[in-house]
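Here is the structure we will look at, set down as structure tokens.
Numbering (my numbering), first residue to last: 153 to 473.
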């Protein structure tokens with residue numbers, strides 16, 4: 153498949169990398185200056201929808217840069233141009249609704265980093281696509297770094313072949329503790345009432361079970377979310393048979409409000425987790441946000457996070473099946 157398109161110009165950005173022949177992120181810019189307006193962009197996307205989706209699967213991350221995308225309304229129009237089904241966010245991060253399909257990214261303090269993850273990795277029906285829009289770029293920091301997930305699996309198999317297969321065979325159990333109401337002082341501050349969209353415990357239990365988890369109620373109104381055993385890696389159609397590091401072992405292992413253990417109740421070795429964390433960082437790719445940037449991610453293939461940042465920073469998000 154050709155990367156070039158008669159309606160886009162392929163550009164470059166700082167921090168860009170070539171991974172196994174794929175440019176990440178692939179930067180697409182206006183072909184001509186007079187085609188940088190949102191209306192022209194929407195026309196181009198609609199005319200090249202199938203091509204764009206193939207490019208996203210091939211390159212895992214596509215950055216639209218240099219277009220005059222001004223606000224949440226423009227961003228929403230871009231997302232709706234593809235006709236993808238929307239996914240309701242289920243996770244620990246607090247997000248505020250902005251407009252139609254558009255939400256704020258994690259409302260937690262910018263002084264806290266957000267660790268690398270696949271969006272909604274622990275629930276049934278994880279979204280295939282995650283899109284970000286930079287309305288206000290931060291003065292310092294605040295990048296959204298990316299990691300090609302298959303590279304983490306490859307390197308972990310090189311260094312810990314037996315341990316990887318043991319964890320894969322046994323599966324991983326995760327737990328996450330949440331308060332009843334939101335705590336904006338934390339990047340994992342979403343309360344269970346907001347997470348499940350109800351203050352009714354029985355209804356919350358029903359919705360939790362449908363997503364692949366059980367709830368254990370705690371004194372004081374909090375809850376421990378217990379996820380059903382999960383695999384360490386996944387292989388998804390159309391992605392060269394690559395084995396993706398599709399888990400939350402590093403992000404949840406040994407944290408104050410979360411845990412990641414083998415499904416038989418034994419601990420995952422600390423050396424395994426720490427080295428994985430180092431490998432993920434070593435494989436990371438990051439660029440500086442520019443005003444109007446729109447980033448498309450293949451959530452099945454790419455981990456993403458957030459660096460600490462000085463304010464102001466306004467990055468919006470949409471997630472789709």
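Backbone N, C-alpha and C define an ideal beta-carbon position, used for all residues, glycine too.
Computed from a predicted model, the values in this text were never measured in an experiment.
In the three-state reduction of the DSSP assignment, residue 181 falls in the strand class, which pools E and B. As computed with DSSP, residue 308 is found in no beta bridge at all. Residue 373 counts as exposed, since fewer than 16 other C-beta atoms from the protein chains shown sit within 10 angstroms of its C-beta. With a cutoff of 7 Å on beta-carbon distance, residue 227 and residue 468 are scored as near each other.
In this structure residue 274 touches residue 326 by the C-beta definition: roughly 6 Å separates them, less than 8 Å. Scanning the segment 202-250 from its first residue to its last, the whole alpha helix (DSSP H) runs of 4-plus residues come out as 224-232. Put simply, the segment 459-467 touches the segment 283-295. At least three CB pairs are less than 8 Å apart. In this structure, DSSP gives residue 293 an extended state, which the three-state scheme calls strand. Apart from the 5 residues on each side of it in sequence, residue 264 sits with its Cβ closer than 6 Å to the Cβ of 339 in its chain, given in chain order.
With a beta-carbon spacing of about 7 Å, residue 377 and residue 360 fall inside the 8 Å limit used to define contacts. Residue environment: residue 300 is assigned as buried (16 or more neighbouring CB atoms within 10 Å of its CB, all protein chains considered).
Leaving aside the five residues that flank residue 250 on each side, the residues in its chain whose CB is nearer than 7 Å to its CB run, in chain order, 224, 256 and 468.
Approximately 7 Å separates the beta-carbon atoms of residue 365 and residue 380; this is inside 8 Å, confirming the contact. By the criterion of a C-beta distance shorter than 6 Å, residue 403 is surrounded in its chain by 267 and 269, once the five residues flanking it on both sides are discounted. Annotation: residue 428 is outside any beta strand (DSSP E); the continuous alpha helix (DSSP H) that includes it extends over 422-434.
Take residue 276, set aside five residues on each side of it, and the residues of its chain with a beta-carbon closer than 7 Å to its own are 363 and 364, in chain order. If only complete runs of 4 or more residues are kept, the segment 343-397 shows the alpha helix (DSSP H) at 344-348 and 353-362, in order along the chain.
When the beta-carbon positions are compared, residue 448 and residue 165 stay at least 7 Å from each other. Residue 405 counts as buried, since at least 16 other C-beta atoms from the protein chains shown sit within 10 angstroms of its C-beta. Assignment of beta-bridge partners to residue 282 by DSSP yields 449 and 471. Per DSSP, reduced to three states, the secondary structure at residue 302 is helical.
In summary, residue 342 is buried, with 16 or more beta-carbon neighbours lying within 10 Å of its beta-carbon over all protein chains present. Comparing C-alpha distances from residue 174 to each of 192, 408, 196 and 207 shows the shortest one belongs to 207.
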